[in-house]
Each structure stands twice: as C-alpha cells, then as structure tokens.
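Under numbering that gives the first Met the number 0, think of the first position of the sequence shown as 0, with each following residue one higher.
Just so it is clear, CB atoms sit at the ideal spot from N, CA and C, and this is done for glycine as well.
Heads up, the thing below is written out as structure tokens.
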Amino acid sequence: MFFRDVKPKKGQTRPVCLAQAHLPVKLGHRDAEKVFAAPLKAQLLATGLGTVLGCDTRARASGETLGVDLSLGLNRGTEAALRDVAALLETLSAPCGSSIRLADSLGDPLIFGLTEGLELAIDTPAAPDADSRRDLATACRGALDKLGVSRGWDYKRDQTVFYFYGESYAEMRQRLARVLKASDRYGAATIRRMA
C-alpha cells in the first residue's frame, strides 16, 4: 500500500478518543520512535484513523527493554478502529501478545500480533567489537531474508544478545542454526525463544 506524506493542518483541532497500545518487544539498541511510532503515525494520518501522541519504552530497573507503549488519539473510539490500528501494527511486525484498548475502557484489551521472538546470544570474546557484531548481524539477516526482522542487539552480563522477530520461530531457528554451524567463530552462539 502506498501512503503519501500526509501532514496535519495547523490550527485545526478535533475531538479524539485516547487509546493505549502495548507491544512486548525487545529492541536492543533500536529506537522505538523510528521503528514503530513514526511509521504508525504516517499510516494513521493517511488512513484518517488518528495520530500517535506518544511513544515510551518500558524497561526493568536494570535498563533491559520489556516493550513499547504507544499513546494514540483516534478519531473513532470503536472496536473496528482498534482492529484497524492493530492491523497496521502487525504490518510493522508487532509480536504476539500485543494489546490495544481505549484509555477509559474497563473491558479486556484487544490482543493481536503475528510475530514470534528469537534471541541469539553469543559470548563477548566471540564478538568483542562493533565490526564482529555487525558481521554476525549481517549474516543472520541474510539467513532470515524476508522471514524475520532484526530488532537490534544489547549487552547482557558477558554476552551480546541479538533480537529477531518473524512469523515462524522454528523456521528462523533452523536457518540461523545452519549459518552458525558453518562458522568457526559463531558456532557457540545459543538460540532461544522469547516469551
């Protein structure tokens, strides 16, 4: 689908229904604003559904990212509008277990998402610098091709951890295992499913 660069008119106001979306996604070093908020805002404006009012990263006290929270201003406060927003977020690879609800709603949120998370961890001595991390990330992205998206990397204790999301954890694991097995340097990396 093609979206023109739509900009809101200055000085115009409209009543909106506030909504909250939560995406349980680990981003590593990626910027939640660039990955989710900016493209969603463009899509919401182009389709006339509303706009993104805010984007926050939810994190543990240790700084580990637990997810992304989006504050939305929707033109209609209907379940159909929530489903439309959920569909737009799914095109941005929103993970399974994502949710959206109207801010003043007491009912259950709408649960959505299509992608499963995969975490690849490697000991720091095997990928000690930016070049080696970039090489490993490039090899993984090449192996996944269009099967999954990279959501960055992060440090945990004495490991570098890479995050990938795709529609099939099993297929992503199989493809990455082949690439890792063929490498002397990265063969000791571990793969696990993210909850």
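Nearest-angstrom Cα separation, counted from residue j out to residue i
i           : j           : result
residue 155 : residue 62  : 10 angstroms
residue 54  : residue 30  : 10 angstroms
residue 64  : residue 158 : 16 angstroms
residue 172 : residue 73  : 38 angstroms
residue 15  : residue 56  : 23 angstroms
residue 162 : residue 28  : 10 angstroms
residue 153 : residue 132 : 10 angstroms
residue 99  : residue 69  : 9 angstroms
residue 49  : residue 40  : 8 angstroms
residue 23  : residue 123 : 26 angstroms
residue 32  : residue 83  : 20 angstroms
residue 91  : residue 21  : 13 angstroms
Neighbourhood of residue i by C-beta distance below 7 angstroms, restricted to the same chain and skipping five residues each side
i           : result
residue 176 : 190
residue 112 : 89, 93, 94, 95, 96 and 97
residue 85  : 99, 109 and 111
Helix, strand or coil at residue i [DSSP, three-state]
i           : result
residue 141 : helix
residue 65  : strand
residue 155 : strand
Whole-Å CB distance - residue i paired with residue j, under 8 angstroms assumed
i           : j           : result
residue 165 : residue 114 : 6 angstroms
residue 71  : residue 18  : 4 angstroms
residue 121 : residue 37  : With 8 angstroms as the limit, residue 121 and residue 37 do not qualify as a contact, their Cβ atoms being about 30 angstroms apart.
residue 142 : residue 174 : 5 angstroms
Spatial neighbours of residue i in its chain, beta-carbon cut-off 8 angstroms, leaving aside the 5 residues before and after
i           : result
residue 180 : 186
Beta-carbon contacts of residue i that lie in its chain and below 6 angstroms, excluding the five residues immediately before and after
i          : result
residue 52 : 70 and 72
>> Does the segment 65-82 come into contact with the segment 143-150, if we say contact requires no fewer than three beta-carbon pairs (one atom in each stretch) closer than 8 angstroms?
In response: no
>> Does the structure place the segment 130-142 close enough to the segment 92-108 that three or more beta carbon pairs sit under 8 angstroms?
In response: no
> Three or more beta-carbon pairs under 8 angstroms between the segment 159-173 and the segment 99-108, yes or no?
Replying inline: no
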